[in-house]
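Comments concern the structure below.
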Amino acid sequence: MSAVRQTTSASPAVRSFEAQWRARPADAWWPAREQAMQRFLKLGLPSPRDETWRYTDLRALAAQSFVDAPRKARAEVRPSPALALLDGSPRAATLLLVNGHPLLNADDAKINGIEISSIRDIARLDPSLLLRFLPPASDADQRRWVLLNTALFLDGLYLKITTQLATPLLILHVSAGDGANDAAHPRVIIDACVGSSATIIEQYVAQGEHTPLNNSNTHIALARDARLEHYRVFATGPGATHFDSLDIHQDRGSQCKQFTIALGGGLVRATLEGNLRERGASLDSYSLLVGHENRHVDCVNIVTHGAPDTRSRQTARAIASDFSRVIFNSKVIVNAGAVNSDSRQSCRGLLLSATAEIDTRPQLEIHADEVKCAHGATTGRLDPDMLFYMLSRGLDRATAQSLLVYAFLADVLTGMSVTAARSAIENALISQLPDSQLLRKFR
Amino acid sequence: MLEIIDLTVRVAGKEILKGVNLKVNAGEVHAIMGPNGSGKSTLAQVLAGREDYEVTRGSVSFEGRDLLALPAEERARAGLFLGFQYPVEIPGVNNVYLLKAALNAKRKAAGEPEVDAYEFLALIKQKMKFMQMSEAFLTRGVNEGFSGGEKKRNEVLQMLVLEPKLAILDETDSGLDIDALKVVSMGVNSLRDPQRAVVLVTHYQRLLDYVIPDQVHVLTGGRIAKSGDKSLAQELERRGYDWVLESRVA
Chain A
7 MSAVRQTTSA SPAVRSFEAQ WRARPADAWW PAREQAMQRF LKLGLPSPRD ETWRYTDLRA
67 LAAQSFVDAP RKARAEVRPS PALALLDGSP RAATLLLVNG HPLLNADDAK INGIEISSIR
127 DIARLDPSLL LRFLPPASDA DQRRWVLLNT ALFLDGLYLK ITTQLATPLL ILHVSAGDGA
187 NDAAHPRVII DACVGSSATI IEQYVAQGEH TPLNNSNTHI ALARDARLEH YRVFATGPGA
247 THFDSLDIHQ DRGSQCKQFT IALGGGLVRA TLEGNLRERG ASLDSYSLLV GHENRHVDCV
307 NIVTHGAPDT RSRQTARAIA SDFSRVIFNS KVIVNAGAVN SDSRQSCRGL LLSATAEIDT
367 RPQLEIHADE VKCAHGATTG RLDPDMLFYM LSRGLDRATA QSLLVYAFLA DVLTGMSVTA
427 ARSAIENALI SQLPDSQLLR KFR
Chain B
2 MLEIIDLTVR VAGKEILKGV NLKVNAGEVH AIMGPNGSGK STLAQVLAGR EDYEVTRGSV
62 SFEGRDLLAL PAEERARAGL FLGFQYPVEI PGVNNVYLLK AALNAKRKAA GEPEVDAYEF
122 LALIKQKMKF MQMSEAFLTR GVNEGFSGGE KKRNEVLQML VLEPKLAILD ETDSGLDIDA
182 LKVVSMGVNS LRDPQRAVVL VTHYQRLLDY VIPDQVHVLT GGRIAKSGDK SLAQELERRG
242 YDWVLESRVA
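Read top to bottom, the protein sequences are chains A and B.
Mind the numbering: the first sequence is residues 7 to 449 in our numbering, read in order.
Mind the numbering: the second sequence is residues 2 to 251 in our numbering, read in order.
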């Protein structure tokens, strides 16, 4: 094992991650993992001094020591009260990952035309394949947990889409710990081949009283003219801490529609990095971030236009009630030469209590001429004119407020093409808002 | 039905209404006219229960109840309706849903059961036909993307469905072409009834060619400066509001 500089000032968390790493057997990807771990150890956990971590303090987490979350047998996994994101049709398929370990049946190798393997099997059969999808080590602060995932992931899923598929696939990530200090590093790779199309939903839920620290990474590669609708839905309990990084790489003419839905978790940090690396690639990202109780939702979107004629849209709706805090940082980077790039960032925040907080920061970094880049962010309370209008029609205040909240979310919900997912997400959203009983009647 | 005594109202620290007195009986149609900035819209909004308007003096009784003590929603359920000068757009809230919720709120307050979904749809389609509105409005957000005239028709449609005892229409005629004005007037006239009253707030006399008022009042400088029958409106049209001010001084 090569020498890694042991930092004496390392926090208990960092030391425990290093211990896990030292105990890992070498595999086909060892050089990449080692490089990632070295970067991580050098940089340490992010702190509010890092640009994309300004509003999220990990000091409490740093004081903990973590161990690998256990592998679970299928019998130990009880179907949790997950949202019914798929309809009941016989073709609807769900893949199960528990603490990052896939529980695949023999007939799961191909579902509805998607080729499915565990990453462990890839390591055995075709290790060079995965190397294409391992990100290079980066010092960027938003990628700190990706470094750790690269160094420590034990298993995960590799999905290869080769044709045009009509039926959505659900990946249910279950967090199920044996103790308070468990950590899991799930990894999913979605390889969408030339001209393919698919819908993939990833949902994160928890089971049992111990929810492991979840440090997940999903890597999506869209080849030429591929189309993908991707959902990530965070629906864990108030005790859960989740760092999720989503990397999307898009080739010529590919189209990606992405929904990030934060409904649960005590601390959810969701990063999306979109890389429009070839001409004509297009990314539509929608984020619905709901904070209630004293939850903390921190969402970072960074979209890079790396080629001419690329297009991106970022639409975020943040709602914060009680003592919660919701953060949405978005950035569009237009590289030199990426002429005719077209981007729009829109973030609207809705504060439902005086003790809640929403921070939004849209940013632009443009190195090319002839581009169209728009951004806007507004945060406020319910519109008093709209409220008065409804009151003047006899609606009681709670109903009027609920209707306005519901209307606020509609922009994102209406973009979803999976009807079952939309209605389940709508239901779950409603249940976290004040006056949920009233809101249900509007549907 | 409505009795306003010495109503004085401040908006953002500025006194806009300076002692308004007005009595409207059931079965009557009153027109309140006046130049811009005279306080007409403030009067309409304060009667409907707008909260950021501060009543510093005076009283308003509606069917014997202290109107000012009621929140906006209870005034609506008691039978008061405000047709807005600038109806707000509420994207994402369905037009029909709002109307149904409004009707049910009123029925609930009256101890009646909620309206049946089919009956409601039939009712609303009938009223929309009367108001010459396209059924496309059924599926749209409240006033969302409506033209000025469509918004005003929608206000009158709501009034017809809710059948208020007292309707206050704040410049419902402004921005309407002559055909729309006729439709809106027809809507208002259809509500005329010995049990109901209508207060038309308007800048121009032309609406009063179609909805004949029993009384006309001129509101200027926060007070009712002159009252009369429908001929007062015609005289105002001829001589302008300055004439009222001058005749007061004289």
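C-beta: ideal position from N, C-alpha, C; glycine also.
Quantities reported herein were computed from a predicted structural model and do not represent experimental measurements.
In chain B, what lies closer than 8 Å to PHE265/A by C-beta? The residue given as residue 265/A occupies position 259 in the first sequence. Within chain B, no residue comes near PHE265/A; the closest Cβ sits about 18 Å away, beyond 8 Å.
Could you give the C-beta distance for SER60/B and ASP53/B, rounded to a whole number, given that I count them as a contact under 8 Å? Taking the first residue of the second sequence as 1, we reach residue 60/B at position 59. Taking the first residue of the second sequence as 1, we reach residue 53/B at position 52. That pair is no contact at about 20 Å.
Let me confirm a value: LYS153/B is counted as buried when at least 16 other C-beta atoms fall within 10 Å, else exposed. Which label applies? Against the second sequence, residue 153/B aligns to sequence position 152. Buried, by the Cβ-count rule.
Spatial neighbours of GLU136/B within its chain, please: CB distance less than 8 Å, with the 5 preceding and 5 following residues excluded, ordered by chain position. Here the question's residue 136/B lines up with position 135 in the second sequence. Cβ within range, chain order: LYS126, MET129.
Output needed for ILE308/A: all residues of its chain with C-beta closer than 6 Å, excluding positions within five of it in sequence on either side, in chain order. As a working mapping, residue 308/A is identified with position 302 in the first sequence. Excluding sequence neighbours, ILE308/A sits near GLU279, LYS337.
Compare the Cα-Cα distances from PRO52/A to each of LEU252/A, ARG283/A, ASP147/A, ARG230/A and report the closest residue. Counting from 1 along the first sequence, the entry for residue 52/A is found at position 46. Per the Cα distances, ASP147/A.
Pairs of beta-carbons, one from the segment 2 to 20 of chain B and one from the segment 172 to 180 of chain B, closer than 8 Å: are there three or more? no
Measuring straight from C-alpha to C-alpha, what distance separates GLU238/B and PRO368/A? Counted from its first residue, the second sequence places residue 238/B at position 237. Counted from its first residue, the first sequence places residue 368/A at position 362. Straight-line Cα distance between these residues: approximately 54 Å.
Give a yes or no on contact between the segment 153 to 169 of chain A and the segment 38 to 49 of chain A, applying the rule of three or more CB pairs nearer than 8 Å. yes
7 Å Cβ shell around ASP56/A - same chain, five flanking residues per side excluded: Residue 56/A sits at position 50 when you count from the first residue of the first sequence. Answer for ASP56/A: ASP147, listed in chain order.
Since ARG224/B is in the beta strand (DSSP E), which residue starts that stretch and which ends it? Position 223 of the second sequence, counted from the first residue, corresponds to residue 224/B. Its beta strand (DSSP E) spans residues 224 to 229.
PRO114/B to CYS305/A, Cα distance in whole Å? Reading the second sequence from its first residue, position 113 is the one you call residue 114/B. Reading the first sequence from its first residue, position 299 is the one you call residue 305/A. Rounded to the nearest angstrom, the two C-alpha atoms are 46 Å apart.
Strictly under 8 Å for the Cβ-Cβ distance: is PHE63/B near chain A by that measure? Indexing the second sequence from 1 puts residue 63/B at position 62. Chain A, which has no Cβ nearer than 8 Å to the Cβ of PHE63/B, makes this no.
Quick one: grab the DSSP three-state call for ALA234/B. Taking the second sequence and counting its residues from 1, one reaches residue 234/B at position 233. Helix at ALA234/B.
Within the 8 Å Cβ cut-off, does PRO92/B reach chain A? As a working note, residue 92/B is residue 91 in the second sequence. For PRO92/B, the answer is yes, since a Cβ of chain A falls inside 8 Å of its Cβ.
Drop a sphere of 10 angstroms on the beta-carbon of ARG399/A, count the other beta-carbons inside from all chains shown, and report buried for 16 or more, exposed for fewer. For the purposes of this step, residue 399/A is taken as residue 393 along the first sequence, with counting starting at 1. Buried, because 16 or more other Cβ atoms sit within 10 Å of the Cβ of ARG399/A.
Please identify the residue among LEU252/A, GLN264/A, VAL239/A whose C-alpha is closest to the C-alpha of GLY270/A. Against the first sequence, residue 270/A aligns to sequence position 264. GLY270/A has its Cα closest to that of VAL239/A, out of LEU252/A, GLN264/A, VAL239/A.
Can you give me the C-alpha to C-alpha distance between ARG11/B and ILE17/B, rounded to a whole angstrom? Mapped onto the second sequence, residue 11/B falls at position 10. Mapped onto the second sequence, residue 17/B falls at position 16. Cα-Cα distance, rounded: 6 Å.
Counting only C-beta atoms, is GLY1/B closer than 8 Å to chain A at any point? No answer is possible for residue 1/B: it lies beyond the span of chain B, which begins at 2 and ends at 251.
Go through its chain and collect everything with a Cβ distance to THR43/B's Cβ below 7 Å, but skip five positions before and after it. Mapped onto the second sequence, residue 43/B falls at position 42. If we look at THR43/B and ignore the five residues flanking it on each side, its Cβ neighbours are VAL10, VAL12, ILE17, LEU18, TYR54.
Is there a Cβ of chain D sitting closer than 8 Å to that of THR425/A, yes or no? The structure shown contains no chain D; its protein chains are A and B.
Partner residues on chain A for LYS107/B, Cβ-Cβ distance less than 8 Å: Translated into the one-based positions of the second sequence, residue 107/B becomes position 106. Within chain A, the residues near LYS107/B are GLY400.
From THR321/A to PHE159/A, what does the alpha carbon distance come to, in whole angstroms? As a position in the first sequence, residue 321/A is number 315, starting the count at 1. As a position in the first sequence, residue 159/A is number 153, starting the count at 1. Taking the straight line from one Cα to the other gives about 31 Å.
Using the C-alpha atoms, what's the distance from ILE206/A back to ASP375/A? The residue labelled residue 375/A in the question sits at position 369 within the first sequence. The residue labelled residue 206/A in the question sits at position 200 within the first sequence. Near 36 Å, if we compare the C-alpha coordinates of ILE206/A and ASP375/A.
Taking the beta carbon of THR221/B as the centre, do at least 16 other beta carbons fall within 10 Å, making it buried, or is it exposed? Translated into positions along the second sequence, residue 221/B becomes position 220. Under this definition THR221/B is a buried residue.
At which residues does the alpha helix (DSSP H) containing GLY188/B begin and terminate? The count along the second sequence starts at 1 and reaches residue 188/B at position 187. Looking at the DSSP string, the run of the alpha helix (DSSP H) that includes GLY188/B is 179 to 191.
Using the Cα positions of ASP290/A and PRO36/B, report the straight-line distance between them to the nearest angstrom. On the first sequence, residue 290/A is found 284 positions in, with the first residue counted as 1. On the second sequence, residue 36/B is found 35 positions in, with the first residue counted as 1. Between ASP290/A and PRO36/B, the C-alpha separation is close to 51 Å.
Please report the distance separating the alpha-carbon of ARG301/A from that of ALA123/B. Within the first sequence, numbered from 1, the residue matching residue 301/A stands at position 295. Within the second sequence, numbered from 1, the residue matching residue 123/B stands at position 122. Cα to Cα, ARG301/A sits roughly 46 Å from ALA123/B.
For chain B, is any of its Cβ atoms less than 8 Å away from the one on MET422/A? Taking the first sequence and counting its residues from 1, the one referred to as residue 422/A is at position 416. No, its Cβ sits nowhere closer than 8 Å to a Cβ of chain B.
In three-state DSSP terms, what is VAL12/B? Translated into the one-based positions of the second sequence, residue 12/B becomes position 11. Strand at VAL12/B.
Cutoff 8 Å: ALA198/B Cβ touching any chain A Cβ: Counting from 1 along the second sequence, the entry for residue 198/B is found at position 197. Judged by the 8 Å Cβ criterion, ALA198/B is not in contact with chain A.
To the nearest angstrom, report how far apart PHE121/B and ASP113/A are at their CA atoms. Walking along the second sequence from the start, residue 121/B turns up at place 120. Walking along the first sequence from the start, residue 113/A turns up at place 107. Roughly 52 Å between the two C-alpha positions.
Taking C-beta to C-beta, are ALA204/A and LEU171/A nearer than 8 Å? Position 198 of the first sequence, counting from 1, holds the residue named residue 204/A. Position 165 of the first sequence, counting from 1, holds the residue named residue 171/A. The answer is yes: Cβ separation under 8 Å.
Nearest by alpha-carbon distance to LYS107/B: which of VAL184/B, ASP243/B, GLU164/B, GLY223/B is it? Your numbering for residue 107/B matches position 106 in the second sequence. Nearest of VAL184/B, ASP243/B, GLU164/B, GLY223/B to LYS107/B, Cα basis: GLU164/B.
Rounded C-alpha distance that separates ALA9/A from LEU252/A: Sequence index remark: in the first sequence, residue 9/A carries index 3 (1-based). Sequence index remark: in the first sequence, residue 252/A carries index 246 (1-based). Its pLDDT being 46, under 50, ALA9/A is placed unreliably in this model, and the coordinates cannot settle the point.
MET34/B beta carbon less than 8 Å from that of ALA181/B: Within the second sequence, the letter at position 180 stands for residue 181/B. Within the second sequence, the letter at position 33 stands for residue 34/B. No, Cβ-Cβ distance for ALA181/B and MET34/B is not below 8 Å.
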